[in-house]
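K.L.:
Handing you a structure now.
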Amino acid sequence: MAVYVITGKLGGGKSIMSVSKVRDYLNEDRIVATNIDLKLHWLVRHQAKKCRVMRVPDKPSVFDLNAIGLGNPLIARGIKDESRNGLLLLDECGTWFNSRDWNDKGRKELIDWIIHARKRGWDIGFIVQDLSVLDKQARVMFAEHVVYCRRTDRMTIPFIGSLYRMITGQRLKLPKMHVGVVKYGTERHSMTVDKWTCFGSGLYNAYNTSQIFTSNYDHGVYSYLPPYYTHYRYRVTYDFRNIMRITKIYFKRFKKVTCFAGGCLLSLLWLEFTAPAEIETVKISPTEYAGYKIMGYYKMPNQPYTYSLQNSDGANISSVQLKDIGFDVTAINACTLKISNGQSESLIKCR
């Protein structure tokens with residue numbers, strides 16, 4: 028049997044580290060009993076049918092602990108396998124396991140139950156603010172392992188953190204992670220036997236972080252229903268009808284974005300399927316105008332020559348029209364004109 032006393036300052040991650048161990052036990056199909064309000068659908072798969080989790084009163088009595096039965100079902104069959112032990116996790120033990128309440132009525136029977144918890148197949152976790160809160164006799168008898176919980180985002184990197192704060196005026200934080208250092212014994216210098224780590228991002232919704240523990244808890248021991256019976260069987264099945272309903276809902280919510288995206292898509296399709304046909308370009312050789320002669324020209328100030336051309340059939344054309352056709356027109360002098368298309372050229376002169 029392993030008994031852990033889980034300690035840490037306020038907000039140091041004691042509860043979330045403990046809930047991460049609950050998740051580990053459930054993933055191994057082991058029994059869990061705790062006085063923490065859990066939300067199982069955040070701890071295990073929604074399809075889980077057989078996870079066994081019992082809620083005990085905030086400050087359980089020996090009657091309540093007897094009601095949870097065996098933590099390891101193999102014991103009933105005479106098989107000894109402590110790797111299948113269940114977990115009994117009790118939070119805020121400092122309020123009812125301290126020296127002032129040590130001699131309360133029923134405390135002797137409760138201690139006797141905890142002493143024999145190994146024979147009932149239970150691993151136990153006590154969550155307290157500090158180890159000194161527990162009565163000395165409880166520390167001596169029960170505190171086999173002590174877990175010191177810390178949050179890395181409250182630490183800083185030596186020298187680098189100070190330098191960063193001097194430059195920016197802000198604190199350099201490490202990534203938020205919960206670390207539990209497991210010591211074998213109650214002394215700070217005891218041997219470190221394990222380290223627990225968890226990021227906790229998926230566990231904040233798995234339990235009631237604002238739970239208040241009271242002495243007048245009005246319920247007895249009860250079992251949580253597995254997530255299959257509370258969530259999974261009531262899920263919306265993804266058949267064609269429901270998919271169309273969901274699609275309709277999202278179309279209504281995002282109709283403006285949908286219309287804009289649809290318009291863009293239709294515009295692209297229209298441009299793709301209605302692209303103008305390629306126009307065949309017919310290249311004309313300058314030699315076709317070799318029979319033309321310069322009939323006249325004029326030149327405006329700071330402007331190039333403008334020529335008027337005519338062939339033997341009386342067809343007229345100007346140098347401006349030749350440029351529009353695509354020829355390069357170069358005026359050599361008043362009576363000589365060169366036209367070219369980049370591949371061939373021709374000279375046109377006066378009569």
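The end of the sequence shown is residue 378 by the numbering used here, with every number in the run present.
Where a beta carbon is used, it is the ideal one built from N, C-alpha and C, also for glycine.
Keep in mind the model is a prediction, meaning the values are calculated, not measured.
Would you mind sorting Thr162 into buried or exposed? The rule is 16 or more other CB atoms within 10 Å of its CB.
P.N.:
Per the sequence shown, the amino acid found at residue 162 is Asp instead of Thr. Looking at its Cβ environment, which holds 16 or more other Cβ atoms inside 10 Å, Asp162 is buried.
K.L.:
Grab the span of the alpha helix (DSSP H) containing Ile138 for me, first residue to last.
P.N.:
Residues Arg134 to Ile142.
K.L.:
Can you tell me which of Lys77, Thr241 and Leu114 puts its alpha carbon nearest to the alpha carbon of Leu252?
P.N.:
Closest by alpha carbon: Lys77.
K.L.:
If you run the structure through DSSP and keep just helix, strand and coil, what is Val284?
P.N.:
Looking at Val284 - three-state DSSP - the assignment turns out to be helix.
K.L.:
Between the alpha carbons of Ser345 and Tyr334, how many angstroms are there, rounded?
P.N.:
Going from the Cα of Ser345 to the Cα of Tyr334 covers about 6 Å.
K.L.:
Taking buried to mean at least 16 other C-beta atoms within 10 Å of its own C-beta, is Ala60 buried or exposed?
P.N.:
Flag for Ala60 reads buried.
K.L.:
If you run the structure through DSSP and keep just helix, strand and coil, what is Gly289?
P.N.:
The answer is helix: DSSP assigns Gly289 an H, G or I state.
K.L.:
Tell me the start and end of each unbroken beta strand (DSSP E) in the region 32 to 114 that is at least 3 residues and wholly inside, in chain order.
P.N.:
List check, beta strand (DSSP E) in window: 59 to 61 and 80 to 82.
K.L.:
What would DSSP say about Ala165, mapped onto helix, strand or coil?
P.N.:
In this structure, Ala165 counts as helix in the three-state DSSP scheme.
K.L.:
Can you say whether Pro379 is buried or exposed, counting buried as having 16 or more other CB atoms within 10 angstroms of its CB?
P.N.:
There is simply no residue 379 to check, as the chain begins at 28 and stops at 378 in what is shown.
K.L.:
Who are Gly323's beta bridge partners in DSSP?
P.N.:
Paired residue(s): Ser335.
K.L.:
With the cut-off set at 7 Å, would you say Val46 and Tyr234 are in Cβ contact?
P.N.:
Result yes, Cβ atoms of Val46 and Tyr234 sit closer than 7 Å.
K.L.:
Between which two residues does the alpha helix (DSSP H) harbouring Ser189 extend?
P.N.:
That run of the alpha helix (DSSP H) goes Ile187 to Thr195.
K.L.:
Which residue or residues does DSSP assign as beta-bridge partners of His205?
P.N.:
Arg178 and Cys225, per the DSSP bridge assignment.
K.L.:
Terminal residues of the continuous beta strand (DSSP E) containing Ser367?
P.N.:
Unbroken beta strand (DSSP E) run through Ser367: Thr363 to Ser367.
K.L.:
Thinking C-alpha only, which one of Ala361, Asp355 and Ile151 is nearest Met327?
P.N.:
Checked all of Ala361, Asp355 and Ile151; the closest Cα to Met327 is Ala361.
K.L.:
Count the other CB atoms within 10 Å of the CB of Ala288; is the residue buried (16 or more) or exposed (fewer)?
P.N.:
Exposed, because fewer than 16 other Cβ atoms sit within 10 Å of the Cβ of Ala288.
K.L.:
For the putative contact between Met81 and Ile63, defined by C-beta atoms under 8 Å, what is the C-beta separation to the nearest angstrom?
P.N.:
About 11 Å separates the two Cβ atoms, so there is no contact after all.
K.L.:
Can you name the start and end residues of the alpha helix (DSSP H) that Leu349 belongs to?
P.N.:
Its alpha helix (DSSP H) spans residues Ser346 to Ile352.
K.L.:
Taking the DSSP output, what are the residues bridged to Asn360?
P.N.:
Per DSSP, Thr363.
K.L.:
Checking 7 Å against the spacing of the C-beta atoms, do Gly142 and Ile33 come in under that value?
P.N.:
The sequence given here has Ile at residue 142, not Gly. No; because the gap between Cβ atoms is not below 7 Å, this pair is not in contact.
K.L.:
DSSP on Glu372, reduced to helix/strand/coil?
P.N.:
If DSSP states are grouped into helix, strand and coil, Glu372 belongs with the strands.
K.L.:
If you follow the beta strand (DSSP E) that Ile151 is part of, which residue opens it and which one closes it?
P.N.:
Run containing Ile151: Trp149 to Ile154, per the beta strand (DSSP E) assignment.
K.L.:
Can you give me the start and stop residues for the alpha helix (DSSP H) that Tyr316 sits inside?
P.N.:
Where Tyr316 is concerned, there is no enclosing alpha helix (DSSP H), given that its DSSP letter is neither H nor E.
K.L.:
With which residues is Thr219 paired in a DSSP beta bridge?
P.N.:
Looking at the DSSP assignment, Thr219 forms a beta bridge with Lys210.
K.L.:
Counting along the chain, where does the alpha helix (DSSP H) carrying Thr257 start and finish?
P.N.:
Element bounds for Thr257: Pro254 to Thr257.
K.L.:
My guess is that Leu199 and Tyr191 are in contact by the Cβ rule of under 8 Å, so how many angstroms apart are they, rounded?
P.N.:
Their Cβ separation, rounded to whole angstroms, is 4 Å, which keeps Leu199 and Tyr191 in contact under 8 Å.
K.L.:
Check whether the region 131 to 141 and the region 176 to 192 touch, using three or more Cβ-Cβ pairs below 8 Å as the test.
P.N.:
The region 131 to 141 is not in contact with the region 176 to 192.
K.L.:
Do you know how far the Cα of Val284 is from the Cα of Ile273?
P.N.:
Roughly 17 Å separates the two Cα atoms.
K.L.:
Taking a contact to mean a Cβ-Cβ separation below 7 Å, would you say Leu349 touches Ile366 in this structure?
P.N.:
Contact flag set, yes.
K.L.:
Would you kindly check if the distance between the Cβ of Arg178 and the Cβ of His205 is under 7 Å?
P.N.:
Cβ distance < 7 Å, so His205 and Arg178 count as in contact.
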